[in-house]
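Enquirer: In this text, residue positions in the sequence shown follow my numbering: the first is 18, and each later residue adds one. Backbone N, C-alpha and C fix where the C-beta goes; we use that ideal spot for every residue, glycine too. Structure below; questions to follow.
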Amino acid sequence: MYKLYTIWKNKYMKILFTLLLSFSLLYSYVGNKIISLQLNWKNQFQFAGYIMAKELGYYNDVKLDVRLIEFSRGRDAIELLKSGDIEFAIGRHSLMIDKSKGEALVALGAIFQHSPMVLLTRDSVDINEITDLKNRKIMITNDAKISASLIAMFISNNIQLKDIRIQEHSFNIQDLIDKKTDAMASYISNEPIVLKNRGINYKIFNPRDYGFDFYEDILFTSSLYLENNPKIVKDFYDATIKGWKYAFDNIRKSATVIYEKYNTQKKSLKSLIEEGYSLKEYAIDNDINKIGHLDKRRLEKICDVYKIIGLLDSEVDIDSFVYKNNNYDVIELELSNNQIFLYTFYSLIIFGLLTLLIIYYIIKKRWLIPTATLDDVIETKTNQLKEESITDSLTEVKNRKAYNEKIKELLNTKKRHSIPFCLVLIDIDDFKKINDEFGHDIGDEVLINFCRLVEIHLRTNDTIFRVGGEEFMILLPNTDIENGHKVCRKLLHCTQESLLVEEKKKVTVSVGLVEVKEDDTEESIYKRVDILLYKSKRNGKNQISF
Numbered sequence: 018m019y020k021l022y023t024i025w026k027n028k029y030m031k032i033l034f035t036l037l038l039s040f041s042l043l044y045s046y047v048g049n050k051i052i053s054l055q056l057n058w059k060n061q062f063q064f065a066g067y068i069m070a071k072e073l074g075y076y077n078d079v080k081l082d083v084r085l086i087e088f089s090r091g092r093d094a095i096e097l098l099k100s101g102d103i104e105f106a107i108g109r110h111s112l113m114i115d116k117s118k119g120e121a122l123v124a125l126g127a128i129f130q131h132s133p134m135v136l137l138t139r140d141s142v143d144i145n146e147i148t149d150l151k152n153r154k155i156m157i158t159n160d161a162k163i164s165a166s167l168i169a170m171f172i173s174n175n176i177q178l179k180d181i182r183i184q185e186h187s188f189n190i191q192d193l194i195d196k197k198t199d200a201m202a203s204y205i206s207n208e209p210i211v212l213k214n215r216g217i218n219y220k221i222f223n224p225r226d227y228g229f230d231f232y233e234d235i236l237f238t239s240s241l242y243l244e245n246n247p248k249i250v251k252d253f254y255d256a257t258i259k260g261w262k263y264a265f266d267n268i269r270k271s272a273t274v275i276y277e278k279y280n281t282q283k284k285s286l287k288s289l290i291e292e293g294y295s296l297k298e299y300a301i302d303n304d305i306n307k308i309g310h311l312d313k314r315r316l317e318k319i320c321d322v323y324k325i326i327g328l329l330d331s332e333v334d335i336d337s338f339v340y341k342n343n344n345y346d347v348i349e350l351e352l353s354n355n356q357i358f359l360y361t362f363y364s365l366i367i368f369g370l371l372t373l374l375i376i377y378y379i380i381k382k383r384w385l386i387p388t389a390t391l392d393d394v395i396e397t398k399t400n401q402l403k404e405e406s407i408t409d410s411l412t413e414v415k416n417r418k419a420y421n422e423k424i425k426e427l428l429n430t431k432k433r434h435s436i437p438f439c440l441v442l443i444d445i446d447d448f449k450k451i452n453d454e455f456g457h458d459i460g461d462e463v464l465i466n467f468c469r470l471v472e473i474h475l476r477t478n479d480t481i482f483r484v485g486g487e488e489f490m491i492l493l494p495n496t497d498i499e500n501g502h503k504v505c506r507k508l509l510h511c512t513q514e515s516l517l518v519e520e521k522k523k524v525t526v527s528v529g530l531v532e533v534k535e536d537d538t539e540e541s542i543y544k545r546v547d548i549l550l551y552k553s554k555r556n557g558k559n560q561i562s563f
């Protein structure tokens with residue numbers, strides 16, 4: 018006992034104890050910062066990254082206490098940001114319209130690189146094409162109504178908003194089943210899975226199949242909040258991305274957490290797991306492999322579409338819209354008067370260490386000037402090279418590499434949602450004779466003119482690929498064999514009537530057509546359509562075999 022008392026009397030031990038106690042009190046005084054995130058729907062796998070960042074303590078690690086607020090009618094995320102009721106929100110790419118109207122918004126990242134937003138219909142005999150939706154009842158939320166991808170899909174098929182009967186979205190899939198509506202805006206990872214699990218057939222019209230491929234679920238905040246709280250924004254974003262990486266690497270575990278603790282929609286565990294696997298394909302782009310990526314060119318494309326359809330009449334400052342995470346440590350001095358007093362007191366105790374830290378910070382901030390990095394240049398060049406790598410240099414249509422990527426994507430969609438699609442393999446008849454008689458330069462002109470002709474007559478969502486010398490593959494998404502045959506007959510006719518060699522010799526083509534089966538692979542599809550193409554060749558050319 019005497020020895021312990023002697024140790025306690027030692028003045029250095031007293032100072033050490035005082036320091037430890039002081040910092041303990043200071044730590045408890047500061048605590049975690051409470052922030053709120055407004056979701057754009059009810060809890061489901063769509064928000065797994067945020068949920069797992071919260072559950073696994075990623076937010077807690079950066080001293081954040083994040084409150085996840087589910088969607089409810091009447092809650093305007095932008096107004097809530099401006100009033101300070103929330104700090105972050107999730108929105109669609111229609112945020113660009115709000116930005117153009119003067120709203121001070123900053124997009125931190127796009128969780129989904131490809132929008133899961135689709136139009137869902139019953140498997141009805143009278144709705145086969147997007148044009149069949151004219152004068153139909155369609156449930157669309159206010160946000161989706163001004164979604165560039167959906168509107169562009171309509172406009173490209175000569176459907177104006179006045180041509181459809183817009184209904185307020187009930188968010189109840191039973192309304193589609195009971196024929197209270199003809200089509201419903203939905204996430205491909207949500208309602209289609211519900212219908213599939215209930216054994217109900219359906220059709221999907223996906224803007225991505227029509228060439229309109231935009232971002233979705235954009236995490237954003239206000240410019241003012243970012244300016245005043247740069248470190249909180251950076252820490253929140255980094256922890257969120259970490260949460261998403263875990264969620265997609267551990268889909269079953271993440272779905273189980275949602276099922277057990279966040280299941281306000283009473284979904285089955287099976288549905289949540291299926292949602293996870295479906296959404297992973299939309300969140301992670303194989304070419305970028307980076308969750309949350311935002312590309313200036315794609316945002317400009319969104320703006321261009323909005324301008325064309327009359328929803329945007331002013332320029333958008335994209336540079337100020339996209340969050341610039343400069344990847345250097347930011348030290349915030351958000352101190353109330355009481356905190357200033359306490360920090361001053363403790364700085365005296367620890368012999369001015371905090372003062373030195375502040376001096377270091379000031380010097381660092383004075384001399385550290387963010388500039389455009391080499392990464393920007395590299396990214397631009399990389400994207401340019403990527404586009405060149407999937408484009409045929411002669412005809413400027415997509416090449417075989419692009420075909421291989423697209424067929425994998427369509428096969429995955431087919432397996433998940435049983436959406437029909439067809440493959441067309443075309444070979445220009447007697448092309449060798451054209452080269453021999455007229456020369457290779459003329460042969461090249463025939464290939465180029467054929468591609469231009471096909472592109473004019475294809476539907477918006479169809480794609481042509483050059484897969485061989487004079488062989489071309491056409492993918493027809495959301496198309497059964499009957500409608501695929503109509504497309505082929507049209508191409509056969511317009512080629513024979515419009516394509517001439519030096520205004521003398523008519524050009525014809527032979528065609529193989531298949532509708533993809535449930536158990537098809539990339540190899541089996543190509544083998545089947547190749548056999549049919551050569552059947553057309555053997556039977557006299559200038560015909561379709563299917």
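Determine the extent of the beta strand (DSSP E) in which F253 is found, giving its start and end residues.
Expert: Here residue 253 corresponds to residue number 236 of the sequence shown, with the count starting at 1. Where F253 is concerned, there is no enclosing beta strand (DSSP E), although the alpha helix (DSSP H) it sits in stretches over 247-266.
Enquirer: Would you mind working out which of H131, D199, K324, E422 sits nearest I308, comparing C-alpha positions?
Expert: Start at 1 with the first residue of the sequence shown, and residue 308 comes out as number 291. Nearest of H131, D199, K324, E422 to I308, Cα basis: H131.
Enquirer: Over what stretch of residues does the beta strand (DSSP E) that includes T238 continue unbroken?
Expert: Position 221 of the sequence shown, counted from the first residue, corresponds to residue 238. Counting along the chain, the beta strand (DSSP E) containing T238 begins and ends at 233-239.
Enquirer: Compare the beta carbon distance of A165 and I319 with 7 Å and say whether it is the shorter of the two.
Expert: Position 148 of the sequence shown, counted from the first residue, corresponds to residue 165. Position 302 of the sequence shown, counted from the first residue, corresponds to residue 319. A contact, by the Cβ cut-off of 7 Å.
Enquirer: Count the other C-beta atoms from every protein chain shown that fall within 10 angstroms of the C-beta of R483, then say buried if there are 16 or more, exposed otherwise.
Expert: Counting from 1 along the sequence shown, the entry for residue 483 is found at position 466. The residue is buried, with at least 16 neighbouring Cβ atoms inside 10 Å.
Enquirer: Less than 7 Å between the C-beta atoms of E487 and I445, yes or no?
Expert: Position 470 of the sequence shown holds residue 487. Position 428 of the sequence shown holds residue 445. For E487 and I445, yes; Cβs fall inside 7 Å.
Enquirer: Between the Cα of N421 and those of T538, F265, S285, spot the shortest distance and give me the residue it belongs to.
Expert: Here the question's residue 421 lines up with position 404 in the sequence shown. Closest option to N421, Cα to Cα, is T538.
Enquirer: What are the start and end residues of the alpha helix (DSSP H) that includes E454?
Expert: Residue numbering aside, residue 454 sits at position 437 when the sequence shown is read from its first letter. Element bounds for E454: 448-455.
Enquirer: Using alpha carbons as the reference points, say which of N416, A200, G293, I107 lies closest to R92.
Expert: Position 75 of the sequence shown, counting from 1, holds the residue named residue 92. When each option's Cα is compared against that of R92, the closest is I107.
Enquirer: Could I get the ranges of all uninterrupted alpha helix (DSSP H) runs contained in the stretch 59-118, with 4 residues as the minimum, in chain order?
Expert: The qualifying runs are 65-72, 75-78, 94-100, 112-117.
Enquirer: Is the stretch 180-199 touching the stretch 111-127 in the sense that three or more CB pairs, one from each, lie closer than 8 Å?
Expert: With a cut-off of 8 Å, the stretch 180-199 and the stretch 111-127 do not count as touching, because too few Cβ pairs lie within range.
Enquirer: Taking the straight line between their C-alpha atoms, what separation do you get for Y46 and I52?
Expert: As a position in the sequence shown, residue 46 is number 29, starting the count at 1. As a position in the sequence shown, residue 52 is number 35, starting the count at 1. At Y46 the pLDDT is 45, less than 50, meaning the model places this residue with poor confidence; the figure from the coordinates comes in the next sentence. Rounded to whole angstroms, Y46 to I52 spans 17 Å at the Cα level.
Enquirer: What first and last residue would you give for the alpha helix (DSSP H) that runs through F438?
Expert: For the purposes of this step, residue 438 is taken as residue 421 along the sequence shown, with counting starting at 1. Here F438 belongs to no alpha helix (DSSP H); instead the beta strand (DSSP E) covers 438-445.
Enquirer: Between the alpha carbons of I68 and I86, how many angstroms are there, rounded?
Expert: Looking up residue 68 in the sequence shown gives position 51. Looking up residue 86 in the sequence shown gives position 69. Near 11 Å, if we compare the C-alpha coordinates of I86 and I68.
Enquirer: Can you tell me whether DSSP reads E539 as helix, strand or coil?
Expert: Locating residue 539 in the sequence shown gives position 522, where the first residue counts as 1. E539 falls in the helix class under three-state DSSP.
Enquirer: Please state whether DSSP places Q184 in a helix, a strand or coil.
Expert: Locating residue 184 in the sequence shown gives position 167, counting from the first residue. Strand at Q184.
Enquirer: For D140 and chain B, any beta-carbon pair shorter than 7 Å?
Expert: You won't find chain B in this structure, because it holds only one protein chain.
Enquirer: Identify whether E520 lies in helix, strand or coil by the three-state DSSP scheme.
Expert: The sequence position of residue 520 within the sequence shown is 503, counting from 1. DSSP places E520 in coil when its eight states are reduced to three.
Enquirer: Use the C-beta contact count for G460: other C-beta atoms within 10 angstroms, 16 or more gives buried, fewer gives exposed.
Expert: Start at 1 with the first residue of the sequence shown, and residue 460 comes out as number 443. Buried, because 16 or more other Cβ atoms sit within 10 Å of the Cβ of G460.
Enquirer: At a cut of 8 Å, does the stretch 221-239 reach the stretch 494-503 through at least three beta carbon pairs?
Expert: Taking 8 Å as the limit for Cβ pairs, the verdict is that the stretch 494-503 does touch the stretch 221-239.
Enquirer: Is L137 buried or exposed, if buried means 16 or more other CB atoms sit within 10 Å of its CB?
Expert: The count along the sequence shown starts at 1 and reaches residue 137 at position 120. L137 should be labelled buried.
Enquirer: Taking C-beta to C-beta, are V528 and I473 nearer than 7 Å?
Expert: Against the sequence shown, residue 528 aligns to sequence position 511. Against the sequence shown, residue 473 aligns to sequence position 456. No, they are not a contact pair.
Enquirer: Name the one or two DSSP bridge partners that Y204 has.
Expert: Indexing the sequence shown from 1 puts residue 204 at position 187. Paired residue(s): M134.
Enquirer: According to DSSP, is G216 helix, strand or coil?
Expert: In the sequence shown, residue 216 corresponds to position 199, counting from 1. Three-state result, G216: coil.
Enquirer: Just to confirm, is the Cβ distance from F105 to N57 under 7 Å?
Expert: Taking the first residue of the sequence shown as position 1, residue 105 is located at position 88. Taking the first residue of the sequence shown as position 1, residue 57 is located at position 40. The answer is no: Cβ separation not under 7 Å.
Enquirer: May I ask which residues mark the beginning and end of the alpha helix (DSSP H) holding R417?
Expert: The count along the sequence shown starts at 1 and reaches residue 417 at position 400. Start and end: 417-434.
Enquirer: So, are the CB atoms of S173 and Y227 less than 7 Å apart?
Expert: Counting from 1 along the sequence shown, the entry for residue 173 is found at position 156. Counting from 1 along the sequence shown, the entry for residue 227 is found at position 210. Result yes, Cβ atoms of S173 and Y227 sit closer than 7 Å.
Enquirer: Between S562 and the rest of its own chain, which residues show a CB-CB distance below 6 Å, the 5 nearest in sequence each way excluded?
Expert: Counting from one through the sequence shown, the residue named residue 562 turns up at place 545. Contacts found: G529, L549, K552, S553.
Enquirer: Please report the straight-line C-alpha distance between K542 and L427, rounded to a whole angstrom.
Expert: Numbered from its first residue, the sequence shown carries residue 542 at position 525. Numbered from its first residue, the sequence shown carries residue 427 at position 410. A small correction: the amino acid at residue 542 is Ile; Lys does not occupy that position in the sequence shown. Distance between the alpha carbons of I542 and L427 is about 12 Å.
Enquirer: With DSSP collapsed to three states, give me the class of L329.
Expert: Translated into the one-based positions of the sequence shown, residue 329 becomes position 312. If DSSP states are grouped into helix, strand and coil, L329 belongs with coil.
Enquirer: Run the CB neighbour count on I380, radius 10 Å, all protein chains shown included, and call it buried at 16 or more, exposed below.
Expert: Along the sequence shown, one-based indexing puts residue 380 at 363. Confidence is the limiting factor: at I380 the pLDDT is only 47, short of 50, which leaves the residue's position unreliable and the question unanswerable from this model.
Enquirer: Determine, using beta carbons only, whether A256 and A70 come nearer to each other than 7 Å.
Expert: Residue 256 sits at position 239 when you count from the first residue of the sequence shown. Residue 70 sits at position 53 when you count from the first residue of the sequence shown. Their beta carbons are under 7 Å apart, which means A256 touches A70 by this criterion.
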